[in-house]
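Printed below as a string of structure tokens:
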């Protein structure tokens, strides 16, 4: 026989916390059927540990537990998670008639009795505190060692509500993140500042960690205390690769922070041109307004960023939307003395005016200076709308040559083709359709170019539209002669700004 006791634990596992008495329980069982057994527990570090009780008697086949207590520690252990400290469990047979409350010291200090060494137990420091510390140090193997022993530790937070996964994500430790997730770490735990592991990783720019978390279903719409989602953070910190991942995963482009700002506002505010382009390409609302009524154009103008102002205007953003204080992008540019921004904003106005007047040379001059060909006014009218409405065929051709969109729409949904039909200029109608204008485009109220031609009794234009594929069914009241009375069409005039465009009520 080489031992008298069975020690159920293979190690002394202590859940460590600084400045806290930490405890572990060890369970013993007497293997003897007819005899009491005395035991004694010794530690290699008595200055750090105490044992209660340090010794005792166990009845035949009986069980007994003792407690290991780690004194208050103000520093991390020198070695962890596997410590060099050990506990020795010794035993000796105890004659039935000689039992006392305490085991005589001489039983284990002399050769009077045969002493058995039943177990050598190594101290292992475990728990969420140790796990978080190991994660912060990037010690992957010890982390895996602990995770096998304590499944609940990954989800226990520190005083700030951060779990081991938060720490691993912020540190960019993708293998650590994967190990924690495989061990059951909850992916969307909120810290006290409203941060998830995903938000931590996005903020720090760790795209591989972001990808791993997204694959595990991390919620892209969780907001921190500022109301920022992951897409706000990516746009604010110019993390283009992460922004792409978030968009691909369906993150909400129009998510609003606590002040009503979208990711586009954030990217513009920080001057991140590539992020702005990516958001616009993905379909972000270029005229989204924050709580104070500011648009992305306004923010770019306030910063004096003429490049972003031009980019936004080129993509169709409005420069006329005012804040709650009644200020336009132009007003703020004047107030702050941003001359380059004023030039960018005025170019568009000048181009619209020249197109409306039919001044081809001035149109060319503004285009040569970099005026955005598809920039619109407060009604959404572009230079092409203006030129088409006024019947200036040469200007229309020049604008088309510079890439003007034949499919652009104003706020009522009218295309330049609607405008050209209204003015009765068949040559402009032919020019636009030749460049791909949609003959069946419908306004917000359902008017098509054919509606307008029929209402105004432009027989030649009407026949041309039908010949080029206009859908006769869209004008159910079209008479056999191709015309209908204006009062039966249900039209009303466009706002006074453009004097006469007709459309269905």
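Numbering (the working numbering), first residue to last: 118 to 622. By construction, the Cβ of each residue, glycine as well, lies at the ideal position given by its N, Cα and C atoms.
Secondary-structure assignment with DSSP links residue 167 through a beta bridge to 186. If you draw a straight line from the Cα of residue 390 to the Cα of residue 438, it is about 22 Å long.
Beta-carbon to beta-carbon, residue 169 and residue 184 are separated by about 5 Å, close enough to satisfy the 8 Å threshold.
Bounds of any beta strand (DSSP E) do not take in residue 250; it lies within the alpha helix (DSSP H) bounded by 245-254. For residue 432, no beta strand (DSSP E) encloses it, and the DSSP letter there is neither H nor E.
Nearest in C-alpha terms to residue 414, of all of 399, 259, 444, 395, is 444. According to the DSSP secondary-structure assignment, residue 551 is paired through a beta bridge with no residue. Residue 446 and residue 453 have their C-alpha atoms roughly 11 Å apart. When secondary structure is reduced to three states using DSSP, residue 161 falls in the coil class, being assigned neither helix nor strand. Residue environment: residue 518 is assigned as exposed (fewer than 16 neighbouring CB atoms within 10 Å of its CB, all protein chains considered). Pairwise C-beta distances place the segment 225-241 out of contact with the segment 275-286, as fewer than three of them are shorter than 8 Å. Per DSSP, the unbroken alpha helix (DSSP H) holding residue 568 starts and ends at 566-572. In this chain, the beta strand (DSSP E) harbouring residue 145 covers 139-147. As DSSP reads the structure, residue 219 sits in no beta bridge.
With a contact defined as Cβ atoms closer than 8 Å, residue 339 and residue 374 miss out at about 13 Å. Residue pairing by DSSP places residue 242 opposite 131 in a beta bridge. The DSSP-derived three-state label of residue 317 is helix. With a 10 Å radius around the Cβ and a threshold of 16 neighbouring Cβ atoms, residue 155 comes out buried. Cβ contact annotation for residue 174 (same chain, cutoff 6 Å, sequence separation greater than five): 153, 155, 211, 216, in chain order. Taking the Cα positions, residue 441 is about 24 Å away from residue 353. Its chain contains 427, 430, 431, 465 as the residues whose beta carbon lies nearer than 7 Å to that of residue 489, once the 5 sequence neighbours on both sides are disregarded; these appear in chain order. The beta carbon of residue 326 sits closer than 7 Å to the beta carbons of 286, 289, 291, 294, 318 from its chain, once the five residues preceding and following it are set aside; these are given in chain order.
Boundaries for residue 587: no beta strand (DSSP E) harbours it, and the DSSP string shows neither H nor E there. Going by DSSP, residue 350 is part of the alpha helix (DSSP H) stretching over 347-353.
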